[in-house]
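To start, the structure under review is shown below, and the notes come after it.
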Amino acid sequence: MADKVKANEADKSTAPEAAESTDAPPPKRPSGLMAFVKAIAFVSIIVIVQVVGAAMFIPSAQDTEKLARQYIAAAEGEAASDGGHEGEAPGEEHAGEDLAEVELGTFNITHFNPATNSTLSIDFELFGTVLAADATEFEHLFEKNKVRVREQVIMTLHASQSKDLSDAGLGLIKRQILEKTNRALGHPMVREVLFSKFNFVER
């Protein structure tokens with residue numbers, strides 16, 4: 004009888020354990036909300052890193068002001084090459100330098116524009132200014148590269164529009180000829196180009 008009681012007690016003591024083992028829920032999987040929060044956090048970290056990196060390359064207020072001053076100075080330099088500011092005489096920007104005037108050639112150019120079915124006839128004499136101390140060297144370089152200089156001038160005029168030729172100061176054409184002439188010479192000796200007897204007719 005005592006053995007039966009002990010056996011019953013043993014069965015009762017193991018029964019809850021068996022019930023617990025069968026009723027234990029499966030291990031929980033991370034919820035979809037948690038995965039979404041982790042993804043948002045990861046993306047946020049990447050965005051913050053990119054913003055901080057970009058901020059390192061944004062110029063400071065001092066750098067911006069310095070760039071603005073350089074831009075203004077460059078713009079004023081271009082205005083000076085157009086014949087100076089209003090009220091200044093052409094070439095006044097070189098007033099403190101001893102300059103010599105040199106002849107770059109006489110040109111008679113006829114150009115047909117198929118887009119407008121019109122023909123441009125352009126006649127002018129072209130001169131330049133160089134430092135007096137460089138006049139001899141210029142003559143040597145010009146004689147050596149005369150054909151190239153002439154070709155660059157003609158190509159510039161062929162590419163010009165009527166509005167550029169109608170400009171009173173011929174600023175754009177002067178800048179283009181100045182740049183291409185110095186490039187053809189292989190040395191930036193010409194300081195300014197000047198037109199004499201400039202005429203153009205569009206038919």
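This note's numbering puts the sequence shown at residues 4 to 206.
C-beta atoms are modelled at their ideal positions from N, C-alpha and C, and glycine is treated no differently.
As the structure is a computational prediction, the values presented were derived from the model and not from experiment.
Coarse secondary structure for residue i, derived from DSSP in three states
i      : result
His190 : coil
Ser199 : strand
Asn120 : coil
Glu100 : coil
Gly172 : coil
Alpha-carbon to alpha-carbon, residue j and residue i
i      : j      : result
Gln155 : Ala187 : 8 Å
Ser124 : His114 : 6 Å
Arg206 : Ala136 : 44 Å
Ala162 : Ser169 : 14 Å
Gly172 : Phe145 : 25 Å
Lys147 : Thr159 : 20 Å
Ile43  : Val50  : 11 Å
Val52  : Lys41  : 17 Å
Asn116 : Val152 : 23 Å
Leu129 : Val54  : 56 Å
Leu197 : Ile112 : 17 Å
Ala118 : Ile48  : 58 Å
Leu175 : Thr109 : 20 Å
Pro191 : Asn202 : 28 Å
Buried or exposed by the 16-neighbour rule on C-beta atoms within 10 Å, applied to residue i
i      : result
Glu195 : buried
Ile180 : buried
Thr132 : buried
Lys177 : buried
Thr139 : exposed
Thr184 : buried
Leu107 : buried
Val46  : exposed
Endpoints, the alpha helix (DSSP H) within which residue i is located
i      : result
Asp167 : Ser165 to Ser169
Terminal residues of the beta strand (DSSP E) in which residue i lies
i      : result
Asn162 : It is Ala, not Asn, that sits at residue 162 in the sequence shown. Element bounds for Ala162: n/a, residue is neither H nor E.
Residue closest to residue i, alpha-carbon to alpha-carbon, out of the options
i      : options                         : result
Thr122 : Val105, Gln164 and Leu144       : Gln164
Lys166 : Val152, Gly35 and Val204        : Val204
Phe127 : Val50, Val46, Lys200 and Met37  : Lys200
Gly189 : Phe45, Lys149 and Val105        : Lys149
Phe141 : Phe110, Val193 and Thr119       : Val193
Ala103 : Phe39, Ala38, Leu134 and Phe110 : Leu134
Chain D contact for residue i (CB, 8 Å cutoff)
i      : result
Val196 : The chain labelled as chain D is not found in the depicted structure, where only one protein chain is given.
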